[in-house]
Ligand SMILES: Cc1cc2nc3c(=O)[nH]c(=O)nc-3n(C[C@H](O)[C@H](O)[C@H](O)COP(=O)(O)OP(=O)(O)OC[C@H]3O[C@@H](n4cnc5c(N)ncnc54)[C@H](O)[C@@H]3O)c2cc1C
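Residue numbers (this note's numbering): 59 to 484.
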């Protein structure tokens with residue numbers, strides 16, 4: 059799936075460059091070959107290289123070119139679907155273990171920032187914010203579930219408490235998490251890549267995997283070369299197609315878009331979000347926003363379930379931004395970009411194994427900045443012979459999207475239209 063939008067992002071304009079990595083030419087051997095140099099692939103590469111494995115990463119474009127270099131940067135505990143959904147699918151015991159592991163995913167970001175000196179503009183604090191009374195009730199039920207069943211206590215802010223930090227009248231309160239936060243996604247991706255390279259991982263850019271031959275020795279083939287390996291990892295997210303059809307059928311690429319405002323200046327930026335937290339509403343097609351380190355507002359939203367970029371994207375994002383912050387009516391968006399998230403039908407993570415030696419993680423469903431690090435670690439454990447955690451995730455059932463290849467997208471557009479309508483009406 060070709061997508062030239064990342065180069066236009068504020069992230070690409072503000073992250074220190076990483077030296078180009080050569081394309082794969084000729085044959086190589088590795089203990090592990092990983093498809094995709096996003097957070098998942100790089101996390102697995104770091105864990106395995108730390109354990110002494112010889113690792114090759116094949117990236118179709120550039121390091122961090124996919125969702126990992128374009129996302130909203132919001133680092134949040136848990137997974138995209140509610141814990142109650144996971145508990146209904148695999149039981150409360152495993153749901154609790156997975157929740158704890160998701161916290162490890164957040165912690166892993168800090169571990170790696172510290173161990174590998176990754177400067178990625180980390181800021182503490184995240185708020186989920188309701189727009190409608192129905193959503194207040196839903197978020198408060200979520201708060202109770204987290205406290206009672208997961209030992210995770212979060213404060214509820216009423217409207218006035220939220221208003222003291224966030225200069226918007228749109229929201230009715232907030233579920234605030236001081237341990238979640240936000241970071242610069244591309245700085246983080248490139249920092250992980252630097253760490254992997256320093257551990258001896260070979261990363262080949264412009265090396266799209268065109269086929270995978272499965273077997274006791276898996277072979278990843280590119281246009282000009284191939285890698286033979288004992289273990290393979292598929293970490294191509296929404297961007298990979300045709301390498302493992304049984305995985306393709308279980309995720310749907312959905313476009314989501316972000317605009318970076320002009321520089322607002324420290325004072326005006328701080329007046330918008332006093333405590334510098336990240337914010338996400340809880341609509342199906344959500345708005346999410348935060349400040350950048352150079353005092354811009356980074357405002358995300360406007361999902362496209364048809365995989366086509368929405369018409370007049372800049373105007374659509376501006377309208378959404380001024381609905382939240384009418385005081386920014388004079389402000390322009392200097393950068394606008396988008397990317398695909400890999401939605402699974404139930405929005406739960408889809409991680410597991412194909413045959414005996416090819417591993418995968420997908421289905422982050424727009425909630426992957428922290429969970430991808432965990433996925434890489436859990437896959438590396440399985441490769442090293444400890445598959446308990448991967449087996450727990452692999453128990454989550456995942457059905458293919460209905461409609462077959464031609465009808466999947468129209469059906470999803472129709473289904474999502476219903477959820478958006480529900481948010482608009484109630
Ligand atoms: C606009 C946007 C906003 C988001 N906001 C947030 C957020 O605020 N918080 C949050 O938690 N999550 C967010 N997400 C989701 C999060 O970014 C992803 O879940 C996460 O980055 C996925 O990482 P990954 O490594 O699995 O995949 P990616 O980062 O997409 O990496 C996959 C890589 O595989 C490569 N690839 C694909 N096919 C091949 C092939 N055949 N051969 C070789 N390489 C291949 C791609 O080029 C790509 O670089 C957002 C996503 C987007 C797009």
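C-beta: ideal position from N, C-alpha, C; glycine also.
Asked                                                                                                                                                 : Found
Whole angstroms is fine: what's the gap from residue 78's alpha carbon to residue 264's?                                                              : 10 Å
Where do the N-terminal and C-terminal ends of the alpha helix (DSSP H) with residue 159 fall, by residue?                                            : 150 to 173
If I'm right that residue 267 touches residue 103 with Cβ under 8 Å, what's the distance once you round it to whole angstroms?                        : With 8 Å as the limit, residue 267 and residue 103 do not qualify as a contact, their Cβ atoms being about 15 Å apart.
If you drop the 5 nearest sequence neighbours on each side, which residues of the same chain put their C-beta closer than 6 Å to that of residue 247? : 122, 126 and 127
Tell me whether residue 274 is buried or exposed, calling it buried when 16 or more other Cβ atoms sit within 10 Å of its Cβ.                         : exposed
Do you know offhand how far residue 177's Cα is from residue 66's?                                                                                    : 22 Å
Determine contact between the region 413 to 420 and the region 141 to 153, defined as no fewer than three beta-carbon pairs at a distance below 8 Å.  : no
Are residue 94 and residue 124 touching if we call contact CB-CB under 8 Å?                                                                           : yes
Tell me whether residue 104 counts as near ligand 2, meaning its Cβ is closer than 7 Å to at least one heavy atom of that ligand.                     : This structure lacks ligand 2; its bound ligands are ligand 1.
Would you report the Cα separation of residue 198 and residue 234, rounded to the nearest angstrom?                                                   : 11 Å
For the candidate residues 139, 223, 227 and 237, whose alpha-carbon lies nearest to that of residue 163?                                             : 237
Can you tell me whether DSSP reads residue 265 as helix, strand or coil?                                                                              : coil
Can you name the start and end residues of the beta strand (DSSP E) that residue 290 belongs to?                                                      : 283 to 292
Could you tell me which of 232, 370 and 71 sits nearest to residue 336, measuring between CA atoms?                                                   : 232
Counting only runs of 4+ residues fully inside the region 233 to 265, write out the alpha helix (DSSP H) ranges in chain order.                       : 243 to 256
Where does residue 362 land, buried or exposed, given buried means 16+ other C-beta within 10 angstroms?                                              : buried
Nearer than 7 Å: is that true of the beta carbon of residue 126 relative to any heavy atom of ligand 1?                                               : yes
Based on the DSSP secondary-structure assignment, which residues constitute the bridge partners of residue 208?                                       : DSSP, once it has assigned bridges, lists no residue as partnering residue 208.
Let me know the secondary structure DSSP gives residue 102 once reduced to three states.                                                              : helix
Please classify residue 240 as buried or exposed, where buried requires at least 16 other C-beta atoms within 10 Å of its C-beta.                     : buried
Is residue 129 near residue 427, with beta carbons less than 8 Å apart?                                                                               : yes
Which one of 150, 403 and 292 has the shortest CA to CA distance from residue 412?                                                                    : 292
Compute every distance between the C-beta of residue 427 and the non-hydrogen atoms of ligand 1, then say whether any falls below 7 Å.                : yes
At a threshold of 7 Å, does residue 417 count as lining ligand 1 (C-beta to nearest heavy atom)?                                                      : no
Work out the CA separation of residue 249 and residue 422 for me, nearest whole Å.                                                                    : 21 Å
Check residue 338 in the structure and name its three-state DSSP category.                                                                            : strand
Quick check: is the beta carbon of residue 265 nearer than 8 Å to any beta carbon in chain B?                                                         : The chain labelled as chain B is not found in the depicted structure, where only one protein chain is given.
In three-state terms, what does DSSP make of residue 349?                                                                                             : strand
How about residue 439 and residue 319: are their beta carbons less than 8 Å apart?                                                                    : no
Per DSSP, what kind of secondary structure is residue 143 in: helix, strand or coil?                                                                  : helix
Measuring only the C-alpha atoms, how far is residue 73 from residue 383?                                                                             : 27 Å
Using only the alpha-carbon positions, how far apart do residue 139 and residue 350 sit?                                                              : 27 Å
Look up residue 306 in the DSSP assignment and say whether it is helix, strand or coil.                                                               : helix
Go ahead and pull the three-state DSSP assignment for residue 92.                                                                                     : strand
Would the C-beta of residue 123 count as close to ligand 1, meaning under 7 Å from any of its heavy atoms?                                            : yes
Check the DSSP bridge columns for residue 181 and list the partner residues they point to.                                                            : 240
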